[in-house]
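A short write-up of the structure that comes next.
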Amino acid sequence: MRADATARIAIIGFGPRGLGALEALSQRLEGTTHRIQIDIYEPGPFPGAGPNFAPSEPEYCLLNIPYRDIAIRPPQGSLVGSFADWQGHPVNPDEFPSRADMGRYLDARRVDLFRQGFTKTDAKLTLVRAHVKRLTQEERGWRLHAENCAPALYDEVLLTLGQPSVEPDDQWAKWQCHAAKAEGELAQAYPAAELYKRAGEWSDKRVAIRGLGLSTFDVLHGLTVAQGGHFDTVGYHASAREPACILPFSLNGQPPFPKPKDETLDALFEPLGGETEDFAQAVSAAVTATPETASSLISAALAPVVTRILEAQDVTKAEVLKWLATEWSAPGSQDRQTPMEALRHGIELASGQTVPTIGYALGQVWRKWQDEWRSGFNPRQVAPETARVLVAFDEGLKRYSYGPPLSSARELLALIDAGRVDLSFAANPEIAETARGWTLKVEDEDSEVSVIIDAVLPSPDLHSINVPPLPDLMAKGLVAPISDYLAAAIGADGTVCDQNGSPVPGLCLLGRLALGSVTAVDSLHDCFGQSADRWAEGVVQRIME
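The numbering of the sequence shown is this note's numbering, which starts it at 944 and goes up by one.
In structure tokens, the structure reads:
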């Protein structure tokens, strides 16, 4: 690019992922003399935070990370500081903050970045509140078409779309058709503020929740405490405005395991320095190996750590390796407790009332090694067969590593004890349509519901996305999945690979829509990590050519 030319960069989608990328770019551009125009296309009301961390969301929607584990360091020169410092008052390191509070922090970082983050560069930032309709590849770059805007030409385009809207899956589509003809209602878990307003009309109804993961706890709060109920040390006290009964369900009916209650208990699962080095080496070797060798390498690094942690229980390395072998071949198949048993057991594990199981200890160690896991996997080009096995293992362990606060699990138990929640139909019930909604059935029991709430995060299936610009880019072969089971193919710096596996000049993508090319992308920390740095470095190298 000529030294006197202006480089033009577009960022499409500006939640935490886009903010992290722009912060990384600001650091890489410092001291450069190239003129740069950066246009950020984000129609939502909370740029930098996005819908998942919207400051308008209810305070009961909590992060699944306590203060002590939040380490999204601001860029050098930022006036905002760390999340804990930004609070302006002492925080309890074991407390789980709200997502809305994190959103306010991310907004403060966005404001700071726009005000002074690019002052040492010849760069201009513009926030464009518009939906992007189409991207067209031209000889000189990318022509971007946005609503109510003149088409604009860019040298570089970054897609940080989070989880775009998707076509409903077969089950949900069928229920939509039924709800249009019958009395039943369907609702989405988010935005949570909209859900609890709708829930005010369901006080006499039986409500089902599709999903038993982290989002389910937000839904439960919207149906209970947001309707005037409250928890105390005795249990749950109803307001009479809650639904008559709430019935969560999922394919396996297993609630996620809550995280250890405090720093002292959590420290029991801390890997030693040498163990972490061994794991990092194992990941580096695994990503270039066959699926069978890759799983053996990862297991060989995990087993000694878990054996040491469980030494007082006389757990042998052979037992840990056996557990891991089953997990690789059939994730989650070793969780054979009933939903109620699993909930109570998870509370006992997280509170230290019972000794850790192999699975629980593995999950906590895996959580502590997420940075090493990403560092070893994400910059590499992993064969699709190996990527599929490694990603499935990481996703399966999320039932331990991505668990909710202990308080959320205890509140679910309190709602069950109060008769407000019923887990009798939690494990993959049969669901039949009725004139007034649906009937859930398990063995000889059934229960009719008139509302179903979807609390399942869609998979990053590129073919199901129904909003621009991705469908058109896919139709042209410019964006393509790695395989039938994985998402978009990208290079180490986020450069998109086309259907032939060739890099697409000037088009990059970061985030969960590249799952398989990268791993562990559903973490807030990943938005501000090495993937953003690699993208920024690649952009600077190209515009300096």
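Just so it is clear, CB atoms sit at the ideal spot from N, CA and C, and this is done for glycine as well. Remember, it's a predicted structure, so these values are computed and weren't measured experimentally.
Please report the straight-line C-alpha distance between residue i and residue j, rounded to a whole angstrom.
i: Q1224; j: M1417; result: 36 Å
i: A1326; j: A1423; result: 15 Å
i: R1058; j: T1103; result: 22 Å
i: L1453; j: G1105; result: 9 Å
i: S1238; j: R971; result: 37 Å
i: I1015; j: P1040; result: 14 Å
i: D1469; j: Q1170; result: 35 Å
i: E1328; j: S1146; result: 49 Å
i: V1464; j: T1382; result: 36 Å
i: W1478; j: D1175; result: 48 Å
i: K1140; j: A950; result: 46 Å
i: L1240; j: A1228; result: 8 Å
i: S1108; j: V1034; result: 36 Å
i: L1421; j: E1254; result: 52 Å
i: L1467; j: G1380; result: 37 Å
i: T1281; j: G1046; result: 36 Å
i: Q980; j: A1066; result: 6 Å
i: L1267; j: S1242; result: 6 Å
i: P1186; j: A1142; result: 8 Å
i: N1091; j: P986; result: 12 Å
i: E1376; j: L1405; result: 30 Å
i: V1483; j: L1096; result: 18 Å
i: A1293; j: S1350; result: 10 Å
i: A1432; j: A1181; result: 50 Å
i: F989; j: L1138; result: 19 Å
i: G1444; j: I1408; result: 21 Å
i: Y1428; j: E1291; result: 36 Å
Rounded to the nearest angstrom, how far is the Cβ of residue i from that of residue j, given a contact under 8 Å?
i: F1320; j: T1462; result: 5 Å
i: G899; j: F1471; result: Residue 899 falls outside the range modelled here, since the chain spans only 944 to 1488, and no answer is possible.
i: Q1473; j: S1318; result: 6 Å
i: V1150; j: I1374; result: Between I1374 and V1150 the Cβ distance is about 14 Å, and since that is not below 8 Å, they are no contact.
i: A1352; j: P1198; result: 7 Å
i: A1130; j: V1394; result: 7 Å
i: F1336; j: E1270; result: 7 Å
i: K1311; j: E1220; result: About 14 Å separates the two Cβ atoms, so there is no contact after all.
i: R1323; j: V1230; result: 5 Å
i: P1403; j: L1333; result: Rounded, the Cβ-Cβ distance is 16 Å, inconsistent with contact.
i: E1338; j: I1301; result: No, E1338 and I1301 are not in contact; Cβ-Cβ is about 19 Å, not under 8 Å.
Can the beta-carbon of residue i be found less than 8 Å from the beta-carbon of residue j?
i: L1157; j: P994; result: no
i: P1412; j: V1075; result: yes
i: L1005; j: R1042; result: yes
i: A1430; j: G1459; result: yes
i: G1178; j: A1361; result: yes
i: S1193; j: G1154; result: yes
i: L1068; j: I983; result: yes
i: N1195; j: G1127; result: no
i: D1098; j: G1481; result: no
i: E973; j: T1064; result: yes
i: E1489; j: P1191; result: The chain is shown only over 944 to 1488; residue 1489 falls outside these bounds and no answer can be derived.
i: D1476; j: A953; result: no
i: P1018; j: G958; result: no
i: A1089; j: V1071; result: yes
i: L1163; j: V1298; result: no
i: V1023; j: D1044; result: no
i: G1295; j: L1208; result: yes
According to DSSP, which residues form a beta bridge with residue i?
i: S1193; result: A1370
i: Y1179; result: F1174
i: P1424; result: A1431
i: A983; result: The sequence shown places Ile at residue 983, not Ala. Its beta-bridge partners are I954, L1070.
i: K1384; result: E1373, D1389
i: A1151; result: L1190, I1395
i: I1408; result: V1109
i: P1322; result: P1322 is not bridged to any residue.
i: R978; result: T949
i: Y1097; result: W1085
i: V1364; result: I1189
i: P1446; result: C1440
i: L1452; result: L1102
i: Q1080; result: W1085
i: S1041; result: L1005
TODO: Evaluate contact between the stretch 1025-1033 and the stretch 1082-1102, counting only Cβ atoms and requiring at least three cross-stretch pairs below 8 Å.
DONE: no
Task: Sufficient close CB pairs (3 or more, under 8 Å) joining the stretch 1289-1306 to the stretch 1243-1250 - done: yes
Open item on the list: I want to know whether the stretch 1328-1346 touches the stretch 1195-1202 - three or more CB-CB distances under 8 Å.
Closed with: yes
Open item on the list: Three Cβ pairs or more, each shorter than 8 Å: is that satisfied between the stretch 1283-1298 and the stretch 1354-1368?
Closed with: yes
Task: Segment contact, 8 Å Cβ cut-off, at least three pairs: the stretch 1359-1370 with the stretch 1384-1393 - done: yes
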